[in-house]
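Residue numbers (the numbering used here): 48 to 350.
In this text, a Cβ means the ideal position worked out from N, Cα and C, and glycines have one as well.
A quick note: this is a predicted structure, and the numbers were derived from the prediction, not measured.
Before any comments, here is the structure.
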């Protein structure tokens, strides 16, 4: 039994396989190529080749394969569920919890916890039964992350990421004082040329836009909010370092030393707004600043 077909509106032009992999977090480029080779992606009723060029505004129809179980163990890990219904779940992730299993973190992740919590209500993007993680936040970043319970919800949320209608607001503490009270960083982000584990502002990188606003500056540090217009890997961390204000505790991107009591960068995903995949209602979910973040604010006298 095949899963239902879904439309996907192209927001950024490019090769079909690359467009699909960029639009659907969880769908690898090799999996996208398999879908294309199997005739699972059509445009105007005709199957697309993997090297076909797509233009913004075109609507392709996806027919995902029947998802197969994956070798991941559901684990009864406590979750702080901020919102949940039959379509989506929003979790307030604690700092230190890895989102996806990876080398060095085979289990004990958010995915393992969602597999247990959601039971059989899982997205099947990439042809595997797993919670539909639509976007990611770093291990040491706390706050809100949304997952889809089925493919239709996953595709809807992925499209909102692409057209920038999925609103994400973060709180951060950065090193130094800003000359202006607010601003926008529009600088492309790609892999660092010398260190492939890091990201960097680089010519030829993918478009990345971050809007920031300073809430308070004292004692050589600033409390600010950052709103993501795009969602590149490490985007806020890279953009703040690019401005000369790395996030407190972020030694990967320029902070001079770790901060006692702080596992990594001082960053919290505080607000998430999306259009509900079934009702069309705009849903806003908020996560208060955790105790560790408030302790950092208190340490520097920040409001």
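From the DSSP output, read off the bridge partner residues of residue i.
i	result
residue 94	89
residue 195	135 and 179
residue 316	190 and 217
residue 130	137
residue 184	Partner(s): none; residue 184 has no beta bridge.
residue 81	DSSP, once it has assigned bridges, lists no residue as partnering residue 81.
residue 230	259
residue 237	247
According to DSSP, is residue i helix, strand or coil?
i	result
residue 139	strand
residue 260	strand
residue 255	coil
residue 52	coil
residue 333	strand
residue 202	helix
residue 283	helix
residue 325	coil
residue 164	helix
residue 157	helix
residue 345	helix
residue 272	strand
residue 63	helix
residue 145	coil
residue 208	helix
Evaluate residue i with the Cβ neighbour count: other Cβ atoms within 10 Å of its Cβ, from every protein chain shown; 16 or more gives buried, anything less gives exposed.
i	result
residue 331	exposed
residue 150	exposed
residue 203	buried
residue 113	exposed
residue 195	buried
residue 232	buried
residue 342	exposed
residue 296	buried
residue 303	exposed
residue 120	exposed
residue 111	buried
residue 190	buried
residue 265	exposed
residue 123	exposed
residue 128	exposed
residue 54	exposed
Grab me the residues of residue i's own chain with a C-beta within less than 6 angstroms of its C-beta, minus the 5 sequence neighbours each way, in chain order.
i	result
residue 281	246
residue 99	63
residue 325	134
Short of 8 angstroms in beta carbon distance, which residues of its chain neighbour residue i, apart from the five on each side in sequence? Order them along the chain.
i	result
residue 48	Residue placement at residue 48 cannot be trusted, given a pLDDT of 40 that sits under 50; what the coordinates show is reported in the next sentence. Taken in chain order, the residues that qualify are 113.
residue 200	134, 135, 170, 179, 324 and 325
residue 276	211, 256, 257 and 258
residue 251	235 and 237
Near residue i, what residues of its chain come up, given a Cβ to Cβ distance below 7 angstroms and the 5 sequence neighbours on each side ignored?
i	result
residue 79	64, 67 and 68
residue 253	235, 236, 237 and 279
residue 187	142, 143, 310, 311 and 312
residue 83	63, 64, 95, 96 and 97
Evaluate the contact criterion for the region 309–316 versus the region 225–243: three or more CB pairs, one atom per stretch, below 8 angstroms. Between the region 309–316 and the region 225–243 there are fewer than three C-beta pairs closer than 8 angstroms, too few to call the two in contact.
With a cut-off of 8 angstroms, do at least 3 Cβ pairs link the region 330–346 to the region 156–167? Judged by Cβ distances under 8 angstroms, the region 330–346 makes no contact with the region 156–167, as fewer than three pairs qualify.
Inspect the CB distances between the region 211–229 and the region 264–273 and report whether three or more fall short of 8 angstroms. Enough Cβ pairs lie closer than 8 angstroms, so yes.
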